[in-house]
Amino acid sequence: MTTALTKRNTLTGISVAVLATLIWSGNFIIARGIIKVIPPVTLAFYRWLLATLILLPFSWSFFKSGWSIVKDRFLYFLVAAAMGISIFNTFVYIGGHYSEAVNLALIGTTSSPIMSVILAVIFLKERISIIRIIGMLVCLAGVLLLLIKGDINNLFTLTFSAGDWWVLGAALAFAIYNTMVKKKPVGMPSIHFLFAVFLIGTILLLPFYILEYRHQGGFELSFANASIFIYLALGASVVCFLLWNMAIAKLGSGRAALFGNLIPVFSSVEAVLILGEKISWVQVASFGIVIAGLVISNLQRRN
Numbered sequence: 001m002t003t004a005l006t007k008r009n010t011l012t013g014i015s016v017a018v019l020a021t022l023i024w025s026g027n028f029i030i031a032r033g034i035i036k037v038i039p040p041v042t043l044a045f046y047r048w049l050l051a052t053l054i055l056l057p058f059s060w061s062f063f064k065s066g067w068s069i070v071k072d073r074f075l076y077f078l079v080a081a082a083m084g085i086s087i088f089n090t091f092v093y094i095g096g097h098y099s100e101a102v103n104l105a106l107i108g109t110t111s112s113p114i115m116s117v118i119l120a121v122i123f124l125k126e127r128i129s130i131i132r133i134i135g136m137l138v139c140l141a142g143v144l145l146l147l148i149k150g151d152i153n154n155l156f157t158l159t160f161s162a163g164d165w166w167v168l169g170a171a172l173a174f175a176i177y178n179t180m181v182k183k184k185p186v187g188m189p190s191i192h193f194l195f196a197v198f199l200i201g202t203i204l205l206l207p208f209y210i211l212e213y214r215h216q217g218g219f220e221l222s223f224a225n226a227s228i229f230i231y232l233a234l235g236a237s238v239v240c241f242l243l244w245n246m247a248i249a250k251l252g253s254g255r256a257a258l259f260g261n262l263i264p265v266f267s268s269v270e271a272v273l274i275l276g277e278k279i280s281w282v283q284v285a286s287f288g289i290v291i292a293g294l295v296i297s298n299l300q301r302r303n
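Using my numbering, the first residue of the sequence shown is number 1, and each one after it goes up by one.
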């Protein structure tokens, strides 16, 4: 019975992790395009403000009677909100000024899983097996193949721009958030947890938004911009974070983080379908290698 339950939890965790990365993959493409008309902190602030308002009707009772949980562990919620909400996507949007969307996805999703696994081992005492290490290295090989475009000579000419460093900072912030989610208050529903961190994260962004607005101004309110905000707030924020927190609960922080390697693969496919770009053998091979790495990392040892 326990074995069957474990397998069901694992399957559920894998399913929601894949779905979350599929939805998230569009965030990097949008970040690169929309940054030309909406300043980065402004984009992040209104994204999380709208996401908070979406969750408000479902968490109103908690806001009135359960806020004591947040007050009792305020430092925990403050750091989680700062890392996962205020810093993570804001740094990605700032990086969009300097790096292409594919670079944003590749660098962020390659480094964050490694950071998450290391933090999970150190702070959560999660055990990492040889199989997990092999699976992680295979995933990295697939992403690296995509990064160097199938030519080993490109490996020796890789350079990091200012945008790449911003994305590395974002990756570290999300790795910290990823680790902290595993320690969220026992019995606190995920939707209430997200409402709390969304609200605190939005408040933390407010002074930086005001400062940016004074220097760069606002943005044009159009149907296209509104549609993007709805996608970012509802899809890439509320839905994805609920799915991701569920994946962490089912799989563990380090194991769930490995599925982030699917984001650049999905982003490449979306570039073909949405932007009309041609798919190459490198992208197909990279996808196959990443999938193989994920399969390996989720293999169960048999007695």
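A virtual CB, placed ideally from N, CA and C, is assigned to each residue, including glycine.
If you look at Lys71, you'll find it in the alpha helix (DSSP H) that goes Trp67 to Asp72.
Around the beta carbon of His192, 16 or more other beta carbons lie within 10 angstroms, which makes this residue buried.
In summary, Pro189 is exposed, with fewer than 16 beta-carbon neighbours lying within 10 Å of its beta-carbon over all protein chains present.
Sequence-distant Cβ neighbours of Val37 in its own chain, meaning closer than 8 Å and more than five residues away, are Phe219, Glu220 and Asn225.
Contact annotation: Ala51 and Ala247 have beta-carbon atoms that are not nearer than 8 Å.
Using a Cβ-Cβ distance cut-off of 8 Å, the region 254-272 and the region 281-301 are in contact, since at least three pairs of beta carbons, one from each stretch, lie closer than that value.
In the displayed model, Pro185 falls within coil according to three-state DSSP, outside both helix and strand. Collapsing the DSSP output to three states places Ile128 in coil.
Sequence-distant Cβ neighbours of Leu78 in its own chain, meaning closer than 7 Å and more than five residues away, are Ile200. Judged by DSSP in its simplified three-state form, Ile291 adopts helix.
DSSP, reduced to helix, strand and coil, places Ser253 within a helical segment of the structure shown.
When DSSP states are grouped into helix, strand and coil, Pro57 belongs to the helix group. For Met115, the closest C-alpha among the options Met136, Tyr98, Ile130 and Ile131 is that of Met136. In the three-state scheme derived from DSSP, where H, G and I count as helix and E and B as strand, Ile38 is classed as coil.
Secondary structure note for Ile200: its alpha helix (DSSP H) is the uninterrupted segment Ser190 to Gln216. Under the criterion of beta carbons closer than 8 Å, Ala17 and Ala256 qualify as touching, at roughly 5 Å.
Rounded to whole angstroms, the gap between the alpha carbons of Ser61 and Val167 is 37 Å. Ranked by how close their Cα comes to the Cα of Trp24, the residues Leu294, Ser297, Ser280 and Phe259 have Phe259 in first place.
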